[in-house]
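Under the numbering used here, the first residue of the sequence shown is numbered 2, with each subsequent residue one higher. Quick reminder that beta carbons are idealized off the backbone N, C-alpha and C, glycines included.
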Amino acid sequence: MILQSLISLYERLAKEDNVPPFGFSLEGIGFCIVISKEGDLIGDPQDLRTPIKANVFEFFESVVPYSNKVNVRSSGAANTPNFMVDKADFIFGMSDNLSKEKHHASFKSLIDEVTLDSDDEGIMAVKKFLQKWNPKDFVNLKYWKDICGTHGKWVAFQLEGERGFVHERLAVKNLWSSFVKKIEYSEGVNFIDGKKVQLQNQYAQFKFGSGGSLVSFNESAYESYNKKRGKNAPISVESEFKSSTALKYLLRSKTQRLRIGDAVTVFWTENNSPAEEFFGMIFNPHDDETNSQLEQYLKAVRKGARPEIPDYDGDVKFCILGLSLNKARLAVRFWYSSTLEILEKNIGKHFQHLEMERQWDKDPLNPGVWHLLKETARETKGISPLLGGALMRSILEGIPYPKNFFNGVLNRIRADQRINYLRAAICKAVLIRNHNMEVSMSLDTEKKDIAYLLGRLFAVLEKAQQDAIPGANATIKDRFYGTASACPASVFPRLLRLAQHHISKAEYGYVSDKRIAEIMEGVEKFPAHMDLQEQGIFAIAYYQQRNALYKKKDSSKDINKTEEEQS
């Protein structure tokens, strides 16, 4: 299903001229060398890189000649060249001040084989350059260390006086297209459609992590029934090219790719749909996101209504693929394929379950997946590598959230005693979806659940302390929250005695006393222990009660005064 869907995507993109044709690939060019028609080097190599940050560059993208059959660079075929564009060791015969004569010779040989008797002036200029070039002169070139380094990428030729590269000339493209079509492959049955075809033995590598293939059989241990390499999962040359090119397109996309932890999620629709653009924004929103169509779309999704946007089709097929790098192979974390309407219903339920009264206006109304994941660990590197994929799957399919999602948030609350908007929202979503509980998005003074009452009580006790000791560096939350939420009986009696001292010192202490009394009416006894679900309810109640105490006025004195007047 995955490969078939990628093939369909390629065919759609090809009609729109958004993907390269067979035998070509979109790659990054780091440097360009300008040559005369006589093959002489003109000036210094041109640096086409755009620096992003230290040792990170954006490369100039160009469609280059490429074929898996010709360009297999494994441990057993490290000197296989590209055509008309390549790295320093192939073009210059040097790399890191080391001779690469075999690489250089194979590069020249492939050009001679493909171009044969061509009289195109660009091709002739490259041939003349290669005949004249002395590899020992490489270290005299400007940028030579960058060109042969890991940040150099590929090097292209440019004819003096022309704007495009030599490999972009029509004659070069026609010669290469004709050449790759004549390459012979072994025959077999394509496992995608059952037809007898020419089979691809080597699957494409993807620039993801340290590089990997979606399908690969690099070691004999992975082979079966004496079938070698690609014949274990036979796919036609054409199908492999289409599926790999479509996946490369998605991995490069800024709107159809989403990175969550060590995993990458790509997504697409069967036909053109505005949902392709919105989907990434939904799960990875930006602070400056003000797109009116997106806001309208999200509003409808949250309500479970049909979005009123141009060209909307709820019946269009939507595909989502989650990938991560596992050594030299891309691992599929999850695969989801359904109609856009069903997907939106599941996403809408996710946001409904997360709905929580915000503490600050800047709190995200539609928190992205990465926002949620960051609440499960102290640092981003501490986030479980499997959690991102599992969380995405639960959202997309409408199934229970992963257990370590809830546990991770509770662990962080106990560790740093911080109960913010996102953590409270996560607890609410998990309790509703995983445990079929009813949880309101704001304070519910009628709720008599013991864990909820104790969470409220803890917030009121903390407020009494803050009224009595304004500007205190620490509160009872910093010292007692973990124990209060897990073993209430061991700490609440002590906190209530302490509260009497705080009430006597505060100007409006009797207001706190009234709040405590109202909550305690529903508490018969303090439980010795509370399970994880009850700890989640405790956290929600604490957050909601605290919000209620502070949302009316900026100062606690004004809040207390307001309640005094009401009483």
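When DSSP labels each residue in this structure, what does residue i get in the three-state scheme?
i       : result
Leu-117 : coil
Ala-306 : coil
Ser-211 : For Ser-211, the predicted structure reports a pLDDT of 44, less than 50, and the residue's modelled location is therefore unreliable. A value from the coordinates is still provided. Correct three-state label for Ser-211: coil.
Tyr-582 : One cannot answer for residue 582 here, as it falls past the ends of the chain, which runs 2 to 568.
Glu-380 : coil
Gln-199 : strand
Ala-529 : coil
Tyr-509 : coil
Tyr-551 : helix
Val-181 : helix
Arg-74  : Below a pLDDT of 50, predicted positions are generally treated as unreliable, and Arg-74, at 44, falls in that range; no measurement from the model is reported.
Ala-157 : strand
Ile-43  : coil
Arg-170 : coil
Met-2   : coil
Lys-429 : helix
Lys-137 : helix
Val-410 : helix
Ala-332 : strand
Ile-53  : strand
Leu-10  : helix
Gly-165 : coil
Val-524 : coil
Ile-343 : helix
Val-64  : strand
Met-85  : coil
Tyr-144 : coil
Tyr-422 : helix
On the premise that residue j lies in contact with residue i, defined as a C-beta separation below 8 Å, what is that separation, rounded to the nearest angstrom?
i       : j       : result
Ile-112 : Met-85  : 7 Å
Tyr-422 : Arg-480 : Actually they are not in contact, since the Cβ atoms of Tyr-422 and Arg-480 sit about 23 Å apart, beyond 8 Å.
Gly-29  : Lys-154 : 5 Å
His-354 : Lys-429 : 7 Å
Tyr-148 : Phe-32  : At residue 148 the sequence reads Ile, which differs from the Tyr that was named. So it is a contact: roughly 5 Å between Cβ atoms.
Phe-268 : Val-302 : Contact doesn't hold; Cβ gap of about 15 Å is too wide.
Ile-433 : Arg-424 : Going by Cβ atoms, the distance from Ile-433 to Arg-424 rounds to 15 Å, so no, they are not a contact pair.
Leu-344 : Val-333 : Actually they do not touch by this definition, with Cβ atoms about 18 Å apart.
Val-1   : Gln-159 : Residue 1 lies beyond the residue range present for the chain, which begins at 2 and ends at 568; the question has no answer from this structure.
Ile-310 : Pro-275 : 6 Å
Asn-586 : Pro-401 : Because the chain is modelled from 2 through 568, residue 586 falls outside the range shown and cannot be assessed.
Pro-489 : Phe-527 : 4 Å
Kindly list the residues whose CB is nearer than 6 Å to the CB of residue i, restricted to its own chain and excluding five residues on each side of it in sequence; keep chain order.
i       : result
Arg-547 : Ala-460
Asp-316 : Thr-340
Gly-281 : Thr-256, Leu-259
Val-181 : Gly-24, Ser-68
Glu-239 : none
Leu-299 : Asn-367
Ala-426 : Leu-355, Met-357
Gln-418 : Lys-478, Asp-479, Tyr-482
Ser-187 : Leu-200
Gly-523 : Lys-449, Leu-454
Ser-75  : Low confidence applies to Ser-75: its pLDDT is 42, below 50, so where it sits in the model is not reliable, and the reading given next is rough at best. Closer than 6 Å at the Cβ level, and outside the excluded window around Ser-75, lies no residue.
Ser-513 : Ala-465, Ile-504
Lys-318 : Glu-271
Using C-beta distances below 7 Å, list every residue in its chain close to residue i, excluding the 5 sequence neighbours before and after it, in chain order.
i       : result
Pro-52  : Phe-58
Pro-21  : Leu-27, Val-64, Thr-246
Ser-6   : Cys-320, Ser-338
Thr-446 : none
Lys-506 : Ala-469
Ala-89  : Met-95, Ser-96, Ile-148, Cys-149, Gly-153, Val-156
Gln-411 : Rather than Gln, the amino acid found at residue 411 in this sequence is Leu. Leu-533, Gln-536, Gly-537, listed in sequence order.
Excluding sequence positions up to five away, which residues of its chain have a Cβ less than 8 Å from the Cβ of residue i?
i      : result
Phe-91 : Pro-82, Asn-83, Lys-101, His-104, His-105, Ser-107, Phe-108
Glu-39 : Ala-126, Lys-129
Ile-8  : Ile-193, Ser-240, Lys-243, Ser-244, Ala-247
Inset, instruction - Check whether the stretch 405 to 416 touches the stretch 379 to 393, taking contact to mean three or more Cβ pairs, one atom from each stretch, closer than 8 Å. - result: yes
Inset, instruction - Indicate whether the contact test is met: 3 or more Cβ pairs, each with one atom in the stretch 171 to 182 and one in the stretch 114 to 128, closer than 8 Å. - result: With the cut-off at 8 Å, the stretch 171 to 182 and the stretch 114 to 128 touch.
Inset, instruction - Can you check the stretch 435 to 500 for any alpha helix (DSSP H) of at least 4 residues that lies completely inside it and give the ranges in chain order? - result: 451 to 469, 477 to 487
Inset, instruction - For the stretch 374 to 382 and the stretch 444 to 453, state whether three or more C-beta atom pairs, one from each stretch, are separated by less than 8 Å. - result: With a cut-off of 8 Å, the stretch 444 to 453 and the stretch 374 to 382 do not count as touching, because too few Cβ pairs lie within range.
Inset, instruction - State whether the stretch 493 to 509 contacts the stretch 528 to 538, with contact taken as three or more CB pairs (one from each stretch) at a distance under 8 Å. - result: no
Legend entry - Segments of 4+ residues assigned as alpha helix (DSSP H) that fall wholly inside the stretch 236 to 303: 238 to 253, 276 to 284
Legend entry - Runs of alpha helix (DSSP H) wholly within the stretch 351 to 381 (minimum 4 residues, chain order): 370 to 374
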